[in-house]
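Taking it in order: structure first as structure tokens, then the write-up.
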Amino acid sequence: MEKSNRWKDYGEELLRFQDRKGGWFVLSPTHEELVTQLVKELVTSYKRLPLVFYQIQIKFRDEMRPRGGVIRSREFLMKDAYSFSQDEREMEEIYQRMRVAYEQIFSRCHLKYKLVEAESGSMGGNLSHEFIALAPMGEDRIVECEKCGYSAKPEMANYSSTRDDDNEEIGPIEEVLTPGVKTIKDLSEFLYCRTNKLLKTLFYQTDKGLIGAVIRGNHQVNEEKLRKLVGIKRIQLAGKDVVKKEVGIDVGFVGPVGINSQLIVDTAVMEGKNFVAGGNRKDLHLLNVNPGRDFQPWLVGDIRFPSKEDRCCRCGHSLSIKRGIEVGHLFQLGKHYSHALEARFLNKKGREDYFTMGCYGIGISRLPAAIIEQNYDEDGIIWPIEIAPFQVVVIPTNEKTLNFSEKIYFNLQKAGVEILLDDRDISAGVKFKDSDLIGIPFKVILGNTWLKEKKIEIKNRKDGKIEKVGINQVSKEIMELIAYAK
């Protein structure tokens, strides 16, 4: 990982430890270096390309705040694939085949997902896409246009912003006392001013020192965009104590005017006039602050997340911000790792060339959690048929129906149905509740209806519909329901 520079670039999430001799080891979060080294030793000619290796393996990340159960944990299971090609064209073909395969997998799991362009981050490479399962509690955000279907991760999204009134005249800078007013919300209410006319100045600790980011009050800094614009590896929001020590000002009243720091100013700020900003003194703000006249940017660029006021770059329609869970990722790595590890082969012309790589992953641990977030009700999980722990549960409600229940169970089992017989000595109500909680798609119930009418009830977990059939029709009906559910 030192040769690929990820020993440094991966940051604190890389789980490192030393042995008794002081040697460093990592519990790897990804295995690009190891697979590249393997191919370097085994493959010498283009005649063996393309190659795709895959594994299902435990991975580790030193997460600061594990959350969401298995959605973000320090130890997790992933399916990985690594492709090695002669050139970009061959790698692109594999990339698209993997995309189609992943789409089929997630569709088969009945997952509502979006394929979005994403940032490659510490993985390297020039292009990547994420599969995001839509879920309100998800930690990932995507930008989507519901009119034309455009979607992307916020750090990659293109959009057009609404401009201010160009006819507004630039006013003279003024001081205004704002005792105890430290937040954007409080300042907006105190001055009867819209939040898009306020400026926020945030400071970040980076591997190149302290930098300041200036954005409008209704926007949020996108740290990934900021990192790329400045050309840094690591970035972290500075705490109030750091800001006080380095800048000498309380966070609630800091502003860009007169600050002796490198300021990166968002494009939307440069397009506006007459902002309200912190006065760099306690209980003081400034009116009619204008970029260029009152403070000079070190860099200007798009460093914010899109907002609901922005418009789609393709059709001009309004954008929506949705949350989701990343369940899959595709990367075009190019020659990033093969260059770093000197992994070469002889091409068709007999010359040495570097492998062109791609990598592809599905988060197996978090996939069931994402599916549950989209498929549940007040009674429990509603598993899609393809990944349910059992497709059918047979429930005898009393001893009189147990023999017939066993007959149905064995017949369906022979037919290839993934089936459970709940023959526990407990009440039928508890069995029904447990079945709903687990999320088994279909219940075959032998109760009073069987004793009185010789009819068996088949209940659909998803919609609650009940069908009554004779014992000879059970297998046929179940097979049809399973086929339809797929």
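First residue of the sequence shown: 3, per the working numbering; consecutive thereafter. The C-beta atom is built at its ideal place from N, Cα and C for all residues, glycine as well.
Going by CA-CA distance only, name the one from the options that's closest to residue i.
i	options	result
Asp465	Asp379, Val476, Lys324 and Asn405	Asp379
Thr208	His221, Leu228, Ala154 and Leu439	Leu228
Lys435	Ser407, Ile384 and Lys409	Ile384
Ile107	Ile364, Thr164, Gln39 and Thr403	Ile364
Ile234	Glu248, Ile251, Val249 and Tyr206	Tyr206
Phe307	Gly219, Glu344, Glu273 and Phe333	Gly219
Ser309	Cys147, Ile251 and Ser6	Cys147
Cys315	Lys149, Gly281, Phe297 and Gly449	Lys149
Lys324	Ile144, Phe277 and Val183	Ile144
Asn262	Tyr104, Phe297 and Pro156	Phe297
Val291	Asn276, Asn198, Leu343 and Pro386	Asn276
Val223	Lys210, Gly303 and Gly211	Gly303
His131	His341, Ser407, Cys195 and Pro156	Pro156
Arg305	Asn450, His221, Leu200 and Val28	Just to set this straight, residue 305 is Ile in the shown sequence, not Arg. Per the Cα distances, His221.
Phe282	Asp355, Asp142, Lys202 and Met359	A small fix is needed here, since residue 282 is Asn in this sequence, not Phe. Nearest of Asp355, Asp142, Lys202 and Met359 to Asn282, Cα basis: Lys202.
Leu453	Glu95, Glu92, Lys433 and Asn400	Asn400
Pro181	Glu90, Ala120 and Leu286	Leu286
Gln475	Ala137, Ile458, Lys488 and Ala487	Ile458
Glu479	Thr451, Asp427 and Val419	Val419
Gln393	Arg76, Leu483 and Glu248	Leu483
Met139	Glu375, Lys433 and Pro31	Glu375
Ser367	Tyr12, Gly24, Ala120 and Gly70	Gly70
Leu179	Leu288, Met80 and Met158	Leu288
Glu94	Thr32, Leu129 and Arg8	Leu129
Tyr362	Arg22, Glu92, Ala103 and Glu4	Ala103
Ala485	Val249, Trp9 and Pro386	Pro386
Leu343	Glu15, Val118, Val471 and Glu43	Glu43
Could you pull out every residue in the same chain whose Cβ sits closer than 8 Å to the Cβ of residue i, ignoring the five residues on either side in sequence?
i	result
Ile389	Cys111, Pro370 and Ile373
Gly382	Asp438, Leu439, Ile440 and Gly441
Thr185	Gly254
Ser75	Glu65, Pro68 and Ser367
Leu36	Ser30
Lys467	Lys461
Thr46	Phe347 and Leu348
Taking the alpha helix (DSSP H) that residue i falls in, what are its first and last residues?
i	result
Gly257	Element bounds for Gly257: n/a, residue is neither H nor E.
Phe55	Run containing Phe55: none in the alpha helix (DSSP H); it sits in the beta strand (DSSP E), Leu53 to Phe62.
Asp355	Where Asp355 is concerned, there is no enclosing alpha helix (DSSP H), although the beta strand (DSSP E) it sits in stretches over Glu354 to Tyr356.
Leu453	Asn450 to Glu455
Leu136	Counting along the chain, Leu136 falls outside any alpha helix (DSSP H), though it belongs to the beta strand (DSSP E) covering Leu129 to Leu136.
Trp9	Arg8 to Asp11
Ala215	Segment Gly211 to Arg218 is the beta strand (DSSP E) holding Ala215; no alpha helix (DSSP H) there.
Gln415	Leu404 to Lys416
Phe192	Ile186 to Leu193
Between which residues of its own chain and residue i is the CB-CB distance below 6 Å, once the five residues before and five after are set aside?
i	result
Ala135	Leu113, Tyr115, Gly326, Ile327, Val329 and Ala372
Leu265	Gly214, Val216, Pro258, Pro299 and Trp300
Leu423	Val396 and Tyr411
Leu53	Phe86
Val245	Phe205 and Val253
Glu225	Ile237
Gln88	Tyr48 and Leu51
Tyr152	Cys314 and Arg316
Gly173	Asn276 and Asn290
I'd like the list of long-range same chain contacts for residue i, defined as Cβ closer than 7 Å, with 5 residues on each side in sequence excluded.
i	result
Ser477	Asn413, Leu414 and Ala417
Gln57	Asp82
Tyr97	Leu332, Gln334 and Gly360
Pro293	Val267, Val271, Met272 and Pro299
Ser404	This sequence places Leu at residue 404; Ser is not what is there. Same-chain partners within the cutoff: Pro398 and Asp425.
Tell me residue i's beta-bridge partners as DSSP assigns them.
i	result
Glu77	Phe62
Phe297	Pro293
Ser361	The sequence given here has Cys at residue 361, not Ser. DSSP lists Tyr84 and Phe333 as partners of Cys361.
Asn462	Phe444
Ile383	Tyr378
Gln490	Past the edges of the chain, shown from 3 to 488, lies residue 490, and the structure says nothing about it.
Val102	Val102 is not bridged to any residue.
Ala154	Glu119 and Val145
Glu328	Ile134
Arg368	BP columns for Arg368 are empty, so no partner.
His33	The partner list for His33 (beta bridge, DSSP) is empty, contrary to what the question assumes.
Gly280	His287
Gly303	Asp268
How would you write the range of the beta strand (DSSP E) that residue i sits in, first residue to last?
i	result
Pro398	Val394 to Pro398
Glu176	Glu176 to Leu179
Tyr206	Leu201 to Thr208
Glu248	Run containing Glu248: none in the beta strand (DSSP E); it sits in the alpha helix (DSSP H), Lys242 to Glu248.
Gln238	Ile237 to Leu239
Ile144	Asp142 to Glu146
Tyr115	Tyr115 to Ala120
Ile266	Gln264 to Asp268
Glu469	Ile468 to Val471
Leu421	As written in the sequence, residue 421 is Ile, which differs from the Leu given in the question. Per DSSP, Ile421 belongs to the beta strand (DSSP E) from Ile421 to Leu423.
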